[in-house]
Amino acid sequence: MMLDRFYPIFDHPDWLRRALPLGVTLVQMRIKDRSPADLRDLLKLSQQLCTAAGATMVVNDHWQLAIDLGSTWVHLGQEDLDHADIPAIRRAGVRIGISTHDHDELDRALRLRPDYVALGPVWPTILKKMKWHEQGLDRVTEWRNLVGSVPLVAIGGLSVDRALPAFNAGADIVSVVTDITLNPNPEDRIREWMKVTR
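The working numbering numbers the first residue of the sequence shown as 800 and each following residue consecutively.
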């Protein structure tokens with residue numbers, strides 16, 4: 800399954816109503832701090848919107864809900880791997896993307912035969928506090944050589960101007976959050992992203 804090179808991350812289906820009509824075909828739903836019922840409802844609506852638009856939705860963290868809702872992808876952080884039932888995810892036909900930040904995490908991820916590997920933060924990020932400093936483009940190139948044919952996602956501090964350098968360093972996919980969600984004109988920014996990732 801080929802994934803789009805542009806991979807925005809959103810926290811509410813309202814963002815999908817803005818992004819999907821612009822041609823976005825790959826999104827991650829990272830919904831935090833919601834009750835179980837709200838989380839299910841929001842992910843279900845997100846899945847419906849993506850299915851109607853012919854887009855691929857990746858569920859962040861909540862692998863059991865991804866299975867229950869018939870999602871085709873789940874994204875797992877390293878902490879998520881401690882509790883995720885990887886065989887159950889695989890039996891359900893759900894593909895798995897895994898976050899990595901250092902060599903130990905990459906080794907762990909590759910042992911699980913992921914469908915993509917994410918590396919971050921490539922540049923400094925304001926999204927969340929992390930114990931890792933920026934990885935840099937050299938690390939992207941190193942990861943490219945280590946993951947072989949597994950798709951590589953660059954995340955963290957991405958902007959439109961940084962997309963091409965990330966691709967040139969070896970990333971297959973660029974993932975972005977705040978460059979869109981904090982932009983005064985998100986739709987225009989998405990259109991810019993679409994141009995540089997085609």
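Built from N, CA and C at the ideal position, the CB exists for glycine as well.
Keep in mind the model is a prediction, meaning the values are calculated, not measured.
Query raised in the report: Of the choices I954, V946, G876, A887, whose alpha-carbon is the least far from that of I866?
Result: As a first step, residue 866 must be located in the sequence shown, where it is residue number 67. Closest in C-alpha terms to I866, from the list I954, V946, G876, A887, comes A887.
Requested in this report: Count the other CB atoms, across all protein chains shown, that sit within 10 Å of the CB of A965; report buried if there are 16 or more and exposed otherwise.
Outcome: Reading the sequence shown from its first residue, position 166 is the one you call residue 965. Buried is the call here.
**Report entry** Endpoints, the beta strand (DSSP E) within which N859 is located
**Finding:** In the sequence shown, counting from the first residue as 1, residue 859 sits at position 60. Its beta strand (DSSP E) spans residues 855-859.
Report task. To the nearest angstrom, report how far apart I895 and N984 are at their CA atoms. Result -> Stepping through the sequence shown from its first residue, residue 895 is reached at position 96. Stepping through the sequence shown from its first residue, residue 984 is reached at position 185. Their Cα atoms are separated by approximately 32 angstroms.
Requested in this report: Taking T949 as part of the alpha helix (DSSP H), name the residues at either end of that continuous run.
Outcome: As a working mapping, residue 949 is identified with position 150 in the sequence shown. Position check: residue 949 holds Val in this sequence, whereas Thr was assumed. Secondary structure note for V949: it is in no alpha helix (DSSP H), with a DSSP letter that is neither H nor E.
Report task. Check the C-beta distance from R844 over to P812 and give it rounded, since I have them as a contact under 8 angstroms. Result -> Position 45 of the sequence shown, counted from the start, is the residue given in the question as residue 844. Position 13 of the sequence shown, counted from the start, is the residue given in the question as residue 812. Looking at the sequence shown, residue 844 is not Arg but Leu. About 5 angstroms separates the CB atoms of L844 and P812; that is less than 8 angstroms, so the two are in contact.
Requested in this report: For W922, name the three-state secondary structure that DSSP assigns.
Outcome: Here residue 922 refers to the residue found at position 123 of the sequence shown. Reduced to three states, the DSSP call for W922 is coil.
Query raised in the report: What did DSSP end up calling T996 once you bin it into helix, strand or coil?
Result: Here residue 996 refers to the residue found at position 197 of the sequence shown. T996 falls in the coil class under three-state DSSP.
Query raised in the report: Tell me, which residues are paired with V916 by DSSP?
Result: Against the sequence shown, residue 916 aligns to sequence position 117. Residue pairing of V916 in beta bridges, as defined by DSSP: I897, L951.
Query - Contacting residues, own chain, Cβ-Cβ under 7 angstroms from R817 (five flanking each side not counted) - result: Reading the sequence shown from its first residue, position 18 is the one you call residue 817. The answer, listed in chain order, is P985, E986.
Query raised in the report: Taking the C-alpha atoms as reference points, what is the distance between N944 and L875?
Result: Locating residue 944 in the sequence shown gives position 145, where the first residue counts as 1. Locating residue 875 in the sequence shown gives position 76, where the first residue counts as 1. Roughly 22 angstroms separates the two Cα atoms.
**Report entry** Rounded C-alpha distance that separates V949 from R804
**Finding:** Reading the sequence shown from its first residue, position 150 is the one you call residue 949. Reading the sequence shown from its first residue, position 5 is the one you call residue 804. Looking at the two C-alpha atoms, the distance is approximately 14 angstroms.
Query raised in the report: How about I989 and I979: do their beta carbons lie closer than 9 angstroms?
Result: Working through the sequence shown from its first residue, we reach residue 989 at position 190. Working through the sequence shown from its first residue, we reach residue 979 at position 180. Yes, these two residues count as a Cβ contact at 9 angstroms.
Query raised in the report: Can S958 be considered in contact with the ligand NAP, in the sense that its beta carbon sits closer than 8 angstroms to one or more heavy atoms?
Result: In the structure on display, the ligand NAP does not appear, and there are no ligands present to speak of.
**Report entry** Proximity of T855 and L825 at Cβ, strictly below 9 angstroms
**Finding:** To locate residue 855, count along the sequence shown from 1; it is residue 56. To locate residue 825, count along the sequence shown from 1; it is residue 26. Their beta carbons are under 9 angstroms apart, which means T855 touches L825 by this criterion.
Query raised in the report: With 16 other CB atoms within 10 Å as the buried threshold, where does I925 fall?
Result: By 1-based counting over the sequence shown, the position of residue 925 is 126. Around the beta carbon of I925, a 10 Å sphere encloses fewer than 16 other beta carbons of the protein chains shown; the residue is thus reported as exposed.
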